[in-house]
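Peer 1:
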Amino acid sequence: MSDEHNEIVMEGIGVSPGVVISRAFLLTSEEERYVEREIEADEVPREKERFEQALVATRHQIHDIQQQVSAAMGQDNAGIFDAHLLVADDRSFVDEVLRGLSEQKRNVEAVLYDVAERYSKALAQIDDEYLRERAADVRDVTRRILRNLSGKSRSEISDLQAPCVVIANDLAPSETATMDKEKVAGFATDLGSPTSHTAIMARALGIPAIVGLHDVSVRVSADDEVLLDGNKGLLIIHPSAERLEHYGQMVESRRHIESALAELRDETAETRDGYLVLLSANIEKPGDVDAVKSNGACGVGLFRSEFLYLSRDALPDEEEQFAAYDEVARRLAPDPVVIRTIDLGGDKFLSHIRTAPEMNPFMGWRAIRFCLAQPTIFKTQLRAILRASASENVRLMYPMISSVSEVQQANTMLEEAKEELRANGQTFNEDIEVGVMIEVPSAALTADRIAPHVDFFSIGTNDLVQYTLAVDRVNEQIAYLYEPTHPAILKLIRTTIEIGHNHNIWTGICGEMAGNPLMVPLLLGIGADELSVSPSVVPMVKDVIRKLKYTQAEELALQAQAADSPQEVLDLCRQLTQEIAPEIIELIE
Ligand code: PEP
Ligand code: MG
268 MSDEHNEIVM EGIGVSPGVV ISRAFLLTSE EERYVEREIE ADEVPREKER FEQALVATRH
328 QIHDIQQQVS AAMGQDNAGI FDAHLLVADD RSFVDEVLRG LSEQKRNVEA VLYDVAERYS
388 KALAQIDDEY LRERAADVRD VTRRILRNLS GKSRSEISDL QAPCVVIAND LAPSETATMD
448 KEKVAGFATD LGSPTSHTAI MARALGIPAI VGLHDVSVRV SADDEVLLDG NKGLLIIHPS
508 AERLEHYGQM VESRRHIESA LAELRDETAE TRDGYLVLLS ANIEKPGDVD AVKSNGACGV
568 GLFRSEFLYL SRDALPDEEE QFAAYDEVAR RLAPDPVVIR TIDLGGDKFL SHIRTAPEMN
628 PFMGWRAIRF CLAQPTIFKT QLRAILRASA SENVRLMYPM ISSVSEVQQA NTMLEEAKEE
688 LRANGQTFNE DIEVGVMIEV PSAALTADRI APHVDFFSIG TNDLVQYTLA VDRVNEQIAY
748 LYEPTHPAIL KLIRTTIEIG HNHNIWTGIC GEMAGNPLMV PLLLGIGADE LSVSPSVVPM
808 VKDVIRKLKY TQAEELALQA QAADSPQEVL DLCRQLTQEI APEIIELIE
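For the record, in the sequence shown the residue sitting at position 125 is 392 according to the numbering used here, with numbers rising by one throughout.
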C-alpha cells in the first residue's frame, strides 16, 4: 500500500482517456517472464529430468487437444497438431537442449528458449511456405513446454473476478475486443501505439488505457495498487496519499463535465451558424449499437466487420453474417450503416487460416488484397451485406484500395454476388451505395480516377498517416513521428475531399483523427461531410461542433494550410478548441 512503498511513476502513451485506481492483474506468458539463472554442475541431471517431464506432459496435452479438435471440427482441423507433435518429438531439437544444459550451465528455461528461437528464426527465413509455417509451431510448442516447466497456466482475462487494471506485455486486438468492461477497469502494456487496433478497441469500449510503457509488465507485481491516467499516459504504482487526493478532485470535476455532455445525446451535430455535420460512429460488433445510441451518434460510418471473424475456430457463414449486419441495420434505421468488407492482416489475423509470416504485414497481404485472392470468402460476405441492404440504410465500403483496378475487380465480384442473389430470388437494395476507404497515398492521389466507380469516399487517416509518413502505426518507438497534422496528410485529405466534391460524392473521415476533439474544427474547415468516430468520443466531438462557427473552422483550415510543421498546426487547433470549448481541454489533457 501507499505507506509501505514509494510510488513509481511510469510514462507511456495514453490511448484511451479516463482515470482508474485499482489492483493490478498481470496477464503474463511464461516465455516473457521466465527467470534465467546459472546452475551448478550437479544440478544438470535435475534440469534434464525437469525437461523430460515437461516434454512428456506437453505431448499428452497436444494429443488431448488433437482429440478434442478432431471430435468437434473433424480430422482435417486437428491436423495442425501433428506438426506440434513433430516438434515435441524432434530428436535433434531435444538433444540440442540437453547438450546446452551440460555445456552452458544455465537453467532449462533459458537454454530451451534460446534453442527454440534459433530454430524458429532459421525456419522463418527459408524460402518455403510449409517450412516457414513451422516456425510458429516451434514457438507454440516451446510456450507450452515452458508453461509445463513452471507448473502454472497462463493467466487469462477471463480469470478476472473483480475489476482490475490489466497489465501485459502486449494485447492482441481480439483480446481487447472481448474484454468485459465490468472486469477490466483499464489496461497498460509494454508495447503498442495510439492507432493500433488494440488502442482503438480500448477507446471504443471506453476502457482507460496506456500503451508503450516498455517494461510495465515486469515492474508491476500482481495485486499492486496502481493509478492509471489514460489522458496523460501515466501509470503510478503504489500512488501516494497526496496523489490519490489530487486525482480524487480531478475525477469529480470531470464527472460534472461528462454529465453535461450526456445531455447532448438527442441534439444535432450542428455548428452555431447552422452547418450540419453527419456525426456517426465506428463499431466492431453488433453489441456496439447500444453505445452508438446512448452516445447520440447518427448511424455507423465504419463497421469493422473483420471482428466477426476473429477469436474463433472457423469462418462465419453467410447466415451468421447476415444476421449480424441485419441486426445493426435494423436497430439503427433510418440512420446509415457503412459496412466495411473484411480488413484482415496487418495486426488482425485469423487463427484458423494460416498465412505465411510477413516482414511488413501492414504493407502485405491485407484487406482487399486478401479478399480479391479469396473470392469464396469475399463473395460470402458480399452476399450477406447485400441481403442486409434490403433495409435500405446499408452502404458498403472496400478497405485499403490502392488502385482503380482493385475497385473494378471488387465491383465485378459484387455484381456476381448480386446475380447469385437474384438467381435465388433473394431481395437486396439494387442501388446500394458503394464506397472506398482512402487510406493509401496512391488512392488519394488518384481519387479522380477512382471517383467514377464509387458513391463515396471515407478517409482512413490511421493508415494514411502510416503509409504517407512511413511510420508503422503499431511501433511505440517511433510513435512520436506519427503526426496526423503533418502538412503532407492535410494536403492528401484536402485533395481527396476536393476531388470527391468535384465528382458530387460525399467524403467522410473515419480514422482516429476524426475523433480527436482538437482536430474536428480543422477537418470540417477542410470540407469533410462526415466524421465517424469511436462512440465514446461522440459527446465531446458534438460539443465542439455545437460551439463552433463554420467560419472559424474555415479560417483555421486556411491558417493550417500556411503552416510548416505538424506542431504549428496542432497549436492552432488547440487554441481554437481552448477558446470555444475549454471544458473539453480539461477532459482530454
Ligand atoms: C483507418 O485506417 O483510418 C481506418 C479507419 O481503418 P483501420 O483503423 O481499421 O485500419
Ligand atoms: Mg485502415
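The beta carbon of each residue, even a glycine, is placed where N, CA and C say it ideally should be. Keep in mind the model is a prediction, meaning the values are calculated, not measured.
Of the choices ASP838, TYR817, LEU352 and ARG414, whose alpha-carbon is the least far from that of GLY541?
Peer 2: By one-based count along the sequence shown, residue 541 stands at place 274. Of the candidates ASP838, TYR817, LEU352 and ARG414, the one whose C-alpha sits nearest the C-alpha of GLY541 is TYR817.
Peer 1: Taking only heavy atoms of the ligand PEP into account, decide whether any of them is closer than 7 Å to the Cβ of GLU586.
Peer 2: On the sequence shown, position 319 is the one that residue 586 refers to. GLU586: no, Cβ never under 7 Å from the ligand PEP.
Peer 1: Examine the ligand GDP and report whether any of its heavy atoms sits within less than 7 Å of the Cβ of MET704.
Peer 2: Among the ligands in the structure shown, the ligand GDP does not appear; only the ligand PEP and the ligand MG can be found there.
Peer 1: How would you write the range of the beta strand (DSSP E) that TYR665 sits in, first residue to last?
Peer 2: Here the question's residue 665 lines up with position 398 in the sequence shown. 661 to 665 is the extent of the beta strand (DSSP E) around TYR665.
Peer 1: In or out: LEU649 buried (at least 16 other Cβ within 10 Å) or exposed?
Peer 2: Counting from one through the sequence shown, the residue named residue 649 turns up at place 382. Buried is the call here.
Peer 1: Measure how close the beta-carbons of ALA548 and VAL805 come, nearest whole angstrom, since I'm counting them as under 8 Å.
Peer 2: By 1-based counting over the sequence shown, the position of residue 548 is 281. By 1-based counting over the sequence shown, the position of residue 805 is 538. The pair is a contact, with the Cβ atoms about 6 Å apart (cut-off 8 Å).
Peer 1: Which residues in the same chain as GLU225 place their Cβ atom closer than 8 Å to its Cβ, once the five residues preceding and following it in sequence are excluded?
Peer 2: Residue numbering for the chain in the displayed model covers 268 to 856; residue 225 lies beyond these limits and cannot be assessed.
Peer 1: Quick one: grab the DSSP three-state call for ILE852.
Peer 2: In the sequence shown, residue 852 corresponds to position 585, counting from 1. ILE852 falls in the helix class under three-state DSSP.
Peer 1: So if DSSP puts THR694 in a beta bridge, which residue, or which two residues, is it bridged to?
Peer 2: Numbered from 1 along the sequence shown, position 427 holds the residue referred to as residue 694. THR694 pairs with nothing; no bridge assigned.
Peer 1: Verify whether the separation of the beta carbon atoms of VAL738 and VAL661 is less than 8 Å.
Peer 2: As a working mapping, residue 738 is identified with position 471 in the sequence shown. As a working mapping, residue 661 is identified with position 394 in the sequence shown. Cβ atoms of VAL738 and VAL661: not closer than 8 Å.
Peer 1: Just how far apart, CA to CA, sit LEU790 and LEU757?
Peer 2: Locating residue 790 in the sequence shown gives position 523, counting from the first residue. Locating residue 757 in the sequence shown gives position 490, counting from the first residue. Distance between the alpha carbons of LEU790 and LEU757 is about 9 Å.
Peer 1: Quick one: what does DSSP say ASN769 is sitting in, helix, strand or coil?
Peer 2: In the sequence shown, the residue the question calls residue 769 occupies position 502. Note: ASN769 maps to helix in three-state DSSP.
Peer 1: Looking at C-alpha atoms only, which residue of ASN562, MET626, VAL354 and TYR665 is the closest neighbour of LEU611?
Peer 2: Here the question's residue 611 lines up with position 344 in the sequence shown. Of ASN562, MET626, VAL354 and TYR665, the residue nearest in Cα terms is TYR665.
Peer 1: With a threshold of 16 other CB atoms inside 10 Å of the CB of SER572, please say whether the residue is buried or exposed.
Peer 2: Taking the first residue of the sequence shown as position 1, residue 572 is located at position 305. Buried, since its Cβ has 16 or more Cβ neighbours within 10 Å.
Peer 1: In the DSSP assignment, the alpha helix (DSSP H) including MET277 goes from what residue to what residue?
Peer 2: Residue mapping note: residue 277 aligns to position 10 of the sequence shown, counting from 1. Premise fails: MET277 lies in the beta strand (DSSP E), 275 to 278, not in any alpha helix (DSSP H).
Peer 1: Measure the Cβ-Cβ separation of ASP482 and ASP457 and say whether it is below 8 Å.
Peer 2: On the sequence shown, residue 482 is found 215 positions in, with the first residue counted as 1. On the sequence shown, residue 457 is found 190 positions in, with the first residue counted as 1. Yes, these two residues count as a Cβ contact at 8 Å.
Peer 1: Decide if GLU297 is buried, meaning its Cβ has at least 16 other Cβ atoms within 10 Å, or exposed.
Peer 2: As a first step, residue 297 is located in the sequence shown; it is residue number 30 there, counting from the start. Bear in mind that a pLDDT of 48 at GLU297, under 50, signals an unreliable position, so the model cannot answer this.
Peer 1: Sorted by chain position, which residues of the same chain lie with C-beta nearer than 6 Å to VAL836's C-beta, five sequence neighbours on each side aside?
Peer 2: As a working note, residue 836 is residue 569 in the sequence shown. Counting only Cβ-Cβ distances below 6 Å, and skipping sequence neighbours, we find THR752, ALA827 and ALA830.
Peer 1: Identify every residue that forms a DSSP beta bridge with MET704.
Peer 2: Position 437 of the sequence shown, counted from the first residue, corresponds to residue 704. Answer by DSSP bridge pairing, in chain order: SER725.
Peer 1: Keeping to the same chain, check which residues put their C-beta closer than 6 Å to that of MET795; ignore five residues upstream and five downstream.
Peer 2: Taking the first residue of the sequence shown as 1, we reach residue 795 at position 528. Rather than Met, the amino acid found at residue 795 in this sequence is Ala. Around ALA795: ILE776.
Peer 1: Do VAL405 and LEU390 have their C-beta atoms closer together than 8 Å?
Peer 2: By 1-based counting over the sequence shown, the position of residue 405 is 138. By 1-based counting over the sequence shown, the position of residue 390 is 123. Cβ atoms of VAL405 and LEU390: closer than 8 Å.
Peer 1: Where does GLY778 fall in DSSP's three states?
Peer 2: In the sequence shown, counting from the first residue as 1, residue 778 sits at position 511. The answer is coil: DSSP assigns GLY778 none of H, G, I, E or B.
Peer 1: Using a threshold of 7 Å, is the CB atom of ASP614 nearer than that to any non-hydrogen atom of the ligand MG?
Peer 2: Taking the first residue of the sequence shown as position 1, residue 614 is located at position 347. No; taking the cut-off as 7 Å, the Cβ of ASP614 has no heavy atom of the ligand MG nearer than that.
Peer 1: Is GLY566 near the ligand MG, in the sense that its beta carbon is under 7 Å from a heavy atom of that ligand?
Peer 2: Locating residue 566 in the sequence shown gives position 299, counting from the first residue. Incorrect: GLY566 has no Cβ contact closer than 7 Å to the ligand MG.
Peer 1: Please work out which residues of its chain come closer than 6 Å, Cβ to Cβ, to GLU850, disregarding the five sequence neighbours upstream and downstream, and give them in chain order.
Peer 2: Position 583 of the sequence shown, counting from 1, holds the residue named residue 850. Cβ within range, chain order: ILE524.
Peer 1: Kindly indicate which three-state DSSP category CYS431 falls into: helix, strand or coil?
Peer 2: Locating residue 431 in the sequence shown gives position 164, where the first residue counts as 1. DSSP places CYS431 in strand when its eight states are reduced to three.
Peer 1: For MET680, which residues from the same chain have a beta carbon less than 7 Å from its beta carbon, with the 5 sequence-adjacent residues on both sides left out?
Peer 2: Here residue 680 corresponds to residue number 413 of the sequence shown, with the count starting at 1. Only PRO642, PHE645, LYS646 and LEU649 meet the Cβ criterion.
Peer 1: Please classify ARG522 as buried or exposed, where buried requires at least 16 other C-beta atoms within 10 Å of its C-beta.
Peer 2: Position 255 of the sequence shown holds residue 522. The residue in question, ARG522, is exposed, as its Cβ has fewer than 16 Cβ neighbours within 10 Å.
Peer 1: Return the bridge partner residues of ALA746 from the DSSP annotation.
Peer 2: In the sequence shown, residue 746 corresponds to position 479, counting from 1. Partner(s): none; ALA746 has no beta bridge.
Peer 1: So who's on the other strand from ASP496, going by DSSP bridges?
Peer 2: Stepping through the sequence shown from its first residue, residue 496 is reached at position 229. Paired residues: VAL286 and LEU501.
Peer 1: Could you tell me if ALA536 is buried or exposed, where buried requires 16 or more neighbouring beta carbons within 10 angstroms of its beta carbon?
Peer 2: Counted from its first residue, the sequence shown places residue 536 at position 269. Counting Cβ neighbours within 10 Å, ALA536 comes out buried, since at least 16 surround it.
Peer 1: Secondary structure at LYS758, three-state DSSP: helix, strand or coil?
Peer 2: One-based indexing of the sequence shown puts residue 758 at position 491. Three-state DSSP puts LYS758 in a helix.
Peer 1: DSSP three-state label for VAL372, please.
Peer 2: Walking along the sequence shown from the start, residue 372 turns up at place 105. A small fix is needed here, since residue 372 is Lys in this sequence, not Val. In this structure, LYS372 counts as coil in the three-state DSSP scheme.
Peer 1: Within 10 angstroms of the Cβ of ALA634, are there 16 or more other Cβ atoms? Answer buried if so, exposed if not.
Peer 2: As a first step, residue 634 is located in the sequence shown; it is residue number 367 there, counting from the start. Result: buried.
Peer 1: Terminal residues of the continuous beta strand (DSSP E) containing THR456?
Peer 2: Position 189 of the sequence shown, counted from the first residue, corresponds to residue 456. 451 to 456 is the extent of the beta strand (DSSP E) around THR456.
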